[in-house]
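Going by numbering that gives the first Met the number 0, the residue at position 206 of the sequence shown is 205; the numbering climbs one at a time, nothing skipped.
Where a beta carbon is used, it is the ideal one built from N, C-alpha and C, also for glycine.
Being a predicted model, the structure only gives us computed values, none of them experimental.
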Amino acid sequence: MTPPADSPSVPSNVVPPAPGSSRTIIVKEYDFFKVVQDYLERASRTLDLADFVRAILSQPKNELIINFPVKMDNGEVRLFKGYRVQHNNLLGPFKGGMRYHPSVTLDDVKALAAMMTWKCALMRVPFGGGKGGIKFDPHSVTKNELQKITRRFTHALGENIGPEYDIPAPDVGTNSQTMAWMMDTYSNMVGAANKQSVKGVVTGKPVASGGTLGRAKATGQGAVFCVIEWAKEKGFELEGSTMTVQGFGNVGSHLAVILSRLGVSTIAVGDHTGYLLNPEGFNAHKLQDWVETHGSIAGYPGGKAITREEFFKTKADIFAPCALENQIGETEAKNLDCKVIVEGANGPTNPAGERILLERGIDIIPDVLANSGGVTVSYYEWVQNKRSESWTEEEVDAKLEKAMTRAYREVADFARQHKVDRRIGAYGLALQRIEAVYKEREIFP
Ligand code: NAD
């Protein structure tokens, strides 16, 4: 259902549907790809990165747009627009999520694909960067239609994905079920003899279908390891502290649940349906179950409805944006009353907002670092698929903790040495690693 135009949860760039139409128009006024290119530019200057490396990384290698038809439950044929952007595969196969959302655009997917390249290099994961998606609202179709859309898109992608070439994963609007359908479709395209060897074509699968334990919570868990490191660095006591969370899907809900075990209480939450406050702290587990059953936080009995503005003004120690890009602009940055922002989402802070946050001395654990637990555990899943192994959740968690802690400290040291903020530090470190390989391999022919 489309929220009413005057709903506090509706961003200003959303135009309500015309009378008689169910289509919501989202007017783009934010160039996410340009923002990522600017960060690349700034980090390259700081590092004196070779011009040819900066030039190559400033654009994706391949951009795919696929318009494909699907017969809906009522017999009508609807045309969908799907994207797959392959940014860079110097360090390994293209890797990145598939997003189902009405606001998906080619430029956003390009931005997200580039960020995957930096993330994998930063985490020393032998993958490159990719991203994809379909422009539609997955809440507006039936489960049967969702399956048909996913399978048709996977089929249309054909050999443009593959376990050694380009490996999708879940993102906004997709989940382990989506990945099971993608894997099954792909495995039916490669012939009976290869069915078993292509499980690694996607990650984030259900465990019984070849997924890994610990993947569902991995992005939230990785962000928690960053928060723990930040708290150690600052001498901050997590037990008894407070947090607000925007986006209570995969990333946000796991982050809240895991931090609640460390005594961090989530006092305000928000999603595409609105915002809720509970000064006593939500039961993160119960709220996660509610969202799983009902699809959003709407109607959850344990909180008072507040506006988006009130949400951003709520005083808490930690703010975790875990929804979409471009959520913290100038206004939000001025209103936020917190010590640290842990970017579970990709690109939640826009450059104007970031400038204000930095001036105000609010710490930012940047997306490229904070949410890289997802791709790191995706790599563990891919390795297990290759070796026909199943690791325990403890093994996965221990490896992830080591990887996140190391990356957090490396970014902190790099930023200190180069006198830059941590976002540029994270970009810089990743770019330096990519540059080293380009300098060794040089350009073909
Ligand atoms: P999800 O679909 O599970 O959850 C998205 C959440 O954002 C939902 O609660 C939704 O209601 C909320 N949301 C959507 N539009 C909103 C709006 N306009 N205002 C407020 N809330 C809104 O997706 P997810 O996988 O949790 O991804 C969230 C973010 O984390 C994205 O930026 C994604 O790219 C990033 N991320 C995800 C992973 C992963 O493993 N899933 C890994 C790295 C980064």
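In this model, D47 and M188 are separated by some 46 Å (Cα to Cα). With respect to the 8 Å criterion, N349 and Y29 are classified as neighbours on the basis of their beta carbons.
Contact between W390 and I166 is absent: CB atoms are separated by about 18 Å, not below the 8 Å threshold. About 5 Å separates the beta carbon of G128 from that of N87, a gap short enough to meet the 8 Å contact definition. In its chain, beyond the 5 residues on either side, T272, G273 have a beta carbon closer than 7 Å to the beta carbon of A297. Look at the beta carbons and you see the stretch 250-259 touching the stretch 311-322: at least three pairs across the two are nearer than 8 Å. DSSP, reduced to helix, strand and coil, places V140 outside both helices and strands of the structure shown, so it counts as coil. One thing to note: A110 has its Cβ no nearer than 8 Å to the Cβ of G95.
Cβ-Cβ distances below 8 Å link R440 to L89 in the same chain, with the five nearest sequence neighbours on each side left out; the list follows chain order. Only residues of its own chain outside the window of five on either side were considered, and among them E308, F311, K312 have a CB closer than 8 Å to the CB of N334, listed in chain order. In this structure, ligand 1 has no non-hydrogen atom nearer than 7 Å to the beta-carbon of C225.
Along the length of the stretch 361-393, whole alpha helix (DSSP H) runs at least 4 residues long occupy 366-369, 372-386, reported in chain order.
Close CB contacts of S175 within its chain, under the 7 Å cut and outside five residues either way in sequence, are with P169, G203, K204, P205, G210, A215 (chain order).
Contact annotation: the stretch 384-398 does not touch the stretch 351-368, with fewer than three C-beta pairs closer than 8 Å.
Shown here, I296 sits in coil according to DSSP, grouped into three states, outside any helix or strand. Comparing alpha carbon positions, the residue from Q85, F318, D72, D396 closest to E62 is Q85. The beta carbon of L428 sits closer than 7 Å to the beta carbons of L121, E409, V410, F413 from its chain, once the five residues preceding and following it are set aside; these are given in chain order.
Straight across, the Cα-Cα distance linking R53 with D366 is about 21 Å. A straight-line Cα-Cα distance of about 15 Å links V268 and G219. Just so you know, the alpha carbons of W180 and F31 end up roughly 30 Å apart.
Boundaries for L275: no alpha helix (DSSP H) harbours it, while the beta strand (DSSP E) harbouring it runs 273-276, taken from the DSSP string. Considering only K401, K418, V374, the residue with the shortest C-alpha distance to K130 is V374.
For T177, the secondary structure class from DSSP, reduced to helix, strand or coil, is helix. Contact between S240 and D270 does not hold, since the beta-carbon distance rounds to 22 Å and is not under 8 Å. Rounded to whole angstroms, the Cβ separation of P162 and V197 is 5 Å, and the two are in contact under 8 Å. With respect to A255, A283 sits close: the two C-beta atoms are nearer than 8 Å. The Cβ atoms of V34 and G346 sit closer than 8 Å to each other. Within the stretch 56-131, the runs of beta strand (DSSP E) that reach at least 3 residues and sit entirely inside it are, in chain order, 61-70, 76-87, 93-99.
Non-local beta-carbon contacts of A217 in its own chain, meaning distances under 6 Å to residues more than five positions away in sequence, involve G372, G373, V376 in chain order.
In this structure, the straight-line span from the alpha carbon of G280 to that of Y99 is close to 31 Å. Closest option to M71, judged by alpha-carbon separation, among L368, V140, E434, Y82: V140. For D336, the CB contacts under 6 Å within the same chain, skipping 5 residues up- and downstream, are K314 in chain order.
Leaving aside the five residues that flank E236 on each side, none in its chain has a CB nearer than 7 Å to its CB. Here V395 is near G213, since their CB atoms are less than 8 Å apart.
D316 counts as buried, since no fewer than 16 other beta carbons sit within 10 angstroms of its beta carbon.
Apart from the 5 residues on each side of it in sequence, V263 sits with its Cβ closer than 6 Å to the Cβ of L237, S240, M242 in its chain, given in chain order.
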